[in-house]
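To keep things clear, I will list the structure first and then write my remarks on it.
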């Protein structure tokens, strides 16, 4: 009885302390005079919860991941401060990898100032002249796509285009990034493509967070298989699971438990394949005009690069960028092509305008050159409006490096700053009639 008399106040006091602690955490933004969104953001895709939150609370909203405060903004001045004027205060993204992950050295996940060094090394690889050199490989893949579509039209009344676009996008990436000419269409099996099949089979992809258009299988044109593809498909075989929760909210614990967001086995298969390609090129003094070669030329493997190792990509950095090329280019491209096809099928008036402009520039000319494409204003405006409606990335996030003040708002160290791109694109203060598809808004005269 006496024990209970002493124990009960301790228990009650402990509960009160917890409640007070949680209350203080979950009223952080309201104490700063900002809207305090306590609604759950896990019940629907991020882009929808972001859009609804800003529609309800305004330009800048405080919310929480667990008890961790995050700031979401569609205010152009705040966005400019985070990404440009005060970039040094918000240079890094949140952690999605552990210290052992190869992708820590990729441009997307590298931490500042190493990110700045890698970006400076890679930037010359993406000049207009370098990108124009990939046109022949694009054309070859496009010819295969057209032949496949014609074949499907003859034999089927209904065509599921998403798997075909998946294969087309990956074929373009494999040729332009890695110089792969391994008869992908007819080759039934190849070790690296088998690993790549699971690369994008996850809830954590563009197609899940935006608009899943059709199909979830991953097929090459003509149902072909190739070993790099298998590795890539298992690469993102994850989703918002316990390990995702730990990586984002408790990164130190995730590191201690050796939890990885990306599939380690597929990551290693792809890395080994790229190593093999690099070694063959170096051993045979053989160069291919692709992104991998441009990266090799900027790495420790190239005698052309200055002896200053700071200005070279290490072997690990080279492998990480190569995996990044595959990850960044494939799913986003296939998703956008799928969305464009669906949109044009449902809105033939836009299709007619595009066809008329293309015909006026090229007529019966079969070769499409880069310079002429750049001179088609309606085509350019159409793609910009597509990207506004169906952005490839829903969110941009940055982490506050230290305690700071952002346009009068006190930001604690470690706070995630979220820029919800889709919500920004549908904000009526930025775009007249944001829910209406109007390419004309991006024409030069406007």
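Residue numbers (the UniProt record's numbering): 1 to 446. A virtual CB, placed ideally from N, CA and C, is assigned to each residue, including glycine.
(request) Excluding the 5 residues preceding and the 5 following residue 320 in the sequence, name in chain order all residues of the same chain whose CB lies nearer than 7 Å to its CB. (result) Only 102, 103, 105, 106 meet the Cβ criterion.
(request) Buried or exposed for residue 484, please, with buried defined as at least 16 other CB atoms from any protein chain shown within 10 angstroms of its CB. (result) No information on residue 484 is available, as it lies outside the stretch 1 to 446 that the chain covers here.
(request) Starting from the N-terminal side, write out each stretch of the alpha helix (DSSP H) that is 4 residues or longer and does not extend beyond the region 404-430. (result) Whole alpha helix (DSSP H) segments, 4+ residues: 421-425.
(message) When you compare the CB of residue 106 with every CB in chain B, is at least one pair closer than 7 Å?
(response) Absent from the structure: chain B. Only one protein chain is present.
(message) Tell me the rounded alpha-carbon separation between residue 413 and residue 134.
(response) Taking the straight line joining both Cα atoms gives about 43 Å.
(message) Quick check on residue 399: does DSSP put it in helix, strand or coil?
(response) Note: residue 399 maps to strand in three-state DSSP.
(request) To the nearest angstrom, report how far apart residue 186 and residue 370 are at their CA atoms. (result) Any answer about residue 186 is weak, because its pLDDT of 44 lies below 50 and its placement is not dependable; what the coordinates show is given next. Straight-line Cα distance between these residues: approximately 30 Å.
(message) Tell me the DSSP secondary structure of residue 171 in three-state form.
(response) Correct three-state label for residue 171: helix.
(message) If you reduce the DSSP assignment to three classes, tell me which class residue 68 lands in.
(response) Strand at residue 68.
(message) Measuring straight from C-alpha to C-alpha, what distance separates residue 89 and residue 403?
(response) For residue 89 and residue 403, the distance between alpha carbons rounds to 9 Å.
(request) With DSSP as the reference, label residue 60 as helix, strand or coil. (result) Per DSSP, reduced to three states, the secondary structure at residue 60 is strand.
(request) Report the option in 24, 347, 72 whose CA atom is closest to the CA atom of residue 35. (result) Comparing Cα positions, the closest option is 72.
(message) Quick check: the region 136-156 against the region 108-127, are at least 3 beta-carbon pairs closer than 8 Å?
(response) Under the Cβ criterion (8 Å, minimum of three pairs), the region 108-127 does not count as touching the region 136-156.
(message) According to DSSP, residue 297 sits in a beta bridge with which residue or residues?
(response) Beta-bridge annotation (DSSP): residue 297 is not paired with any residue.
(request) Hey, could you find the ends of the alpha helix (DSSP H) residue 348 is sitting in? (result) Unbroken alpha helix (DSSP H) run through residue 348: 348-362.
(request) Following the continuous alpha helix (DSSP H) through residue 74, name the residue where it begins and the one where it ends. (result) Bounds of any alpha helix (DSSP H) do not take in residue 74, whose DSSP letter is neither H nor E.
(request) Kindly list the residues whose CB is nearer than 6 Å to the CB of residue 145, restricted to its own chain and excluding five residues on each side of it in sequence; keep chain order. (result) Excluding residues up to 5 positions away in sequence, 168 lie with their Cβ nearer than 6 Å to the Cβ of residue 145 in the same chain.
(message) Rounded to whole angstroms, what is the Cα-Cα separation between residue 78 and residue 55?
(response) Rounded to whole angstroms, residue 78 to residue 55 spans 17 Å at the Cα level.
(request) Grab the span of the alpha helix (DSSP H) containing residue 155 for me, first residue to last. (result) Counting along the chain, the alpha helix (DSSP H) containing residue 155 begins and ends at 135-155.
(message) To the nearest angstrom, how far is the alpha carbon of residue 278 from that of residue 330?
(response) Roughly 21 Å between the two C-alpha positions.
(message) Using only CA atoms, which one of 415, 378, 336, 372 lies nearest to residue 352?
(response) The option with the nearest alpha carbon to residue 352 is 378.
(message) Can you check which of these residues, 22, 143, 70, is closest to residue 367 by C-alpha distance?
(response) The shortest Cα separation from residue 367 among 22, 143, 70 belongs to 143.
(message) Taking the alpha-carbon of residue 423 as reference, which of 50, 276, 410, 317 has the nearest alpha-carbon?
(response) The shortest C-alpha separation from residue 423 is found at 50.
(message) Tell me which residue opens and which closes the alpha helix (DSSP H) that residue 129 is part of.
(response) Annotation: the continuous alpha helix (DSSP H) that includes residue 129 extends over 128-132.
(message) Is any non-hydrogen atom of the ligand COA found closer than 6 Å to the C-beta of residue 81, if you look at the structure I gave you?
(response) For the ligand COA, the structure offers nothing, since it holds no ligand at all.
(request) Using the DSSP secondary-structure output, state which residues sit across from residue 313 in a beta bridge. (result) For residue 313, which the question treats as bridged, DSSP gives the partners 299.
(request) Using alpha carbons as the reference points, say which of 289, 66, 302 lies closest to residue 175. (result) Looking at the Cα atoms, 289 is the closest of the given residues.
(message) Please state the DSSP three-state secondary structure of residue 240.
(response) Since pLDDT at residue 240 reaches only 47, below the 50 mark, its modelled position is unreliable, and no value is offered.
(request) Would you be able to state if there are at least three C-beta pairs under 8 Å between the region 358-366 and the region 415-431? (result) Taking a contact to require three or more Cβ pairs closer than 8 Å, the region 415-431 and the region 358-366 do not qualify as touching.
(request) Please go through the same chain and pick out, in chain order, the residues whose beta-carbon is closer than 8 Å to the beta-carbon of residue 386, but skip the five residues on each side of it. (result) These residues qualify, in order along the chain: 336, 339, 340, 343.
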